[in-house]
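Using my numbering, the letters of the sequence shown map in sequence onto residues 121 to 338.
Note that beta-carbon positions come from the ideal geometry of N, C-alpha and C, so glycine has one too.
Inspection log for the structure reproduced underneath, given as structure tokens.
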Amino acid sequence: MKLVGFMFSILTLFDSTNGLIHQPMNSASASGSNSEPVSSRPAAKPLSIRFHVPVTSDACTQLAEALIQMDIQSKQNEALFGKRMPIQLHLQSMGGELLPTFYICDLIKDLDTPVHIYIDGFVASAASLMALCGDKRYMTKNSCVLVHQLRAQTAGKLSEMTEEINNFNHFMGNLRNIYLENSDVDEEELDKLLRSELWLSSEKCLELGFVDEIIGAN
Numbered sequence: 121m122k123l124v125g126f127m128f129s130i131l132t133l134f135d136s137t138n139g140l141i142h143q144p145m146n147s148a149s150a151s152g153s154n155s156e157p158v159s160s161r162p163a164a165k166p167l168s169i170r171f172h173v174p175v176t177s178d179a180c181t182q183l184a185e186a187l188i189q190m191d192i193q194s195k196q197n198e199a200l201f202g203k204r205m206p207i208q209l210h211l212q213s214m215g216g217e218l219l220p221t222f223y224i225c226d227l228i229k230d231l232d233t234p235v236h237i238y239i240d241g242f243v244a245s246a247a248s249l250m251a252l253c254g255d256k257r258y259m260t261k262n263s264c265v266l267v268h269q270l271r272a273q274t275a276g277k278l279s280e281m282t283e284e285i286n287n288f289n290h291f292m293g294n295l296r297n298i299y300l301e302n303s304d305v306d307e308e309e310l311d312k313l314l315r316s317e318l319w320l321s322s323e324k325c326l327e328l329g330f331v332d333e334i335i336g337a338n
């Protein structure tokens, strides 16, 4: 059986390396010694990742590696500077592959270091799932978010198509749980959102509990 189309596509291929940038922070002072008093050491730099790419398996692998490395760096910085710095994850993406997205959502939740997520302009589809999973979530005033349900076309034997429907229902259940557990929407309201294909404004996202704060232009 061939999967012809899938809104959270598991088939789409992109060159995603140029948009994923992480900024590591120093784990020691310039002299290489950590014996200086905390007050005399340089201030810790922000731990920042810019994920401005389609959601692909390769991009999610890079993102996961960056998140894990920054979690380690944050712990090192806590020992050096006496303060745990959050990871700042900036998202701008039209979405893409669903299954790698589930792992990123789990990873963000499981890290010891808080992850603060910033929506830079837009997130859609699979990327909207990532955006909801931060410890704190921000979006700029004119940014927007698109959530929707799975859309797929299949071909093959009836038994094969039945199995695919079961798979899609399982994926859809995971997707719904992420939205429900990380926002203020109930099941009825979520069903309406998933069917609507409407872009949500920053004000609407704040109302729904998709973000915690609108930042930027007043």
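Handout entry: Residue environment, SER263, which counts as buried when at least 16 other CB atoms sit within 10 Å
Key = In the sequence shown, counting from the first residue as 1, residue 263 sits at position 143. Under this definition SER263 is a buried residue.
Problem - 6 Å Cβ shell around TYR238 - same chain, five flanking residues per side excluded - result: Counted from its first residue, the sequence shown places residue 238 at position 118. Within the same chain, TYR238 has close Cβ partners HIS210 and TYR258.
Practice task
For SER153, collect the residues of the same chain with a Cβ closer than 6 Å to its Cβ; drop the 5 residues on either side in sequence, then sort them by chain order.
Solution key: Reading the sequence shown from its first residue, position 33 is the one you call residue 153. Bear in mind that a pLDDT of 41 at SER153, under 50, signals an unreliable position, so the model cannot answer this.
Exercise for the section: Could you tell me which of ALA275, ASP332 and ALA247 sits nearest to SER303, measuring between CA atoms? Expected result: For this step, residue 303 is matched to residue 183 along the sequence shown. Answer by Cα proximity: ASP332.
Practice task
Check whether the segment 245-254 touches the segment 204-221, counting contact only when three or more Cβ pairs, one atom from each stretch, lie closer than 8 Å.
Solution key: yes
Practice task
Quickly, what does DSSP pair GLY216 with across the bridge? List them, please.
Solution key: In the sequence shown, residue 216 corresponds to position 96, counting from 1. Paired residues: VAL175.
Exercise for the section: Assign LEU200 to buried or exposed, taking buried as 16 or more other Cβ atoms, counted over all protein chains shown, within 10 Å of its Cβ. Expected result: Numbered from its first residue, the sequence shown carries residue 200 at position 80. Buried, since its Cβ has 16 or more Cβ neighbours within 10 Å.
Practice task
Under 7 Å Cβ to Cβ from GLY293, same chain only, skipping five residues before and after it: list those, please.
Solution key: On the sequence shown, position 173 is the one that residue 293 refers to. Correct list: empty, nothing qualifies.
Handout entry: LEU227 versus ASP255, GLU198 and ILE334, residue with shortest Cα-Cα distance
Key = Translated into the one-based positions of the sequence shown, residue 227 becomes position 107. Residue ASP255 is the option with its Cα nearest to LEU227.
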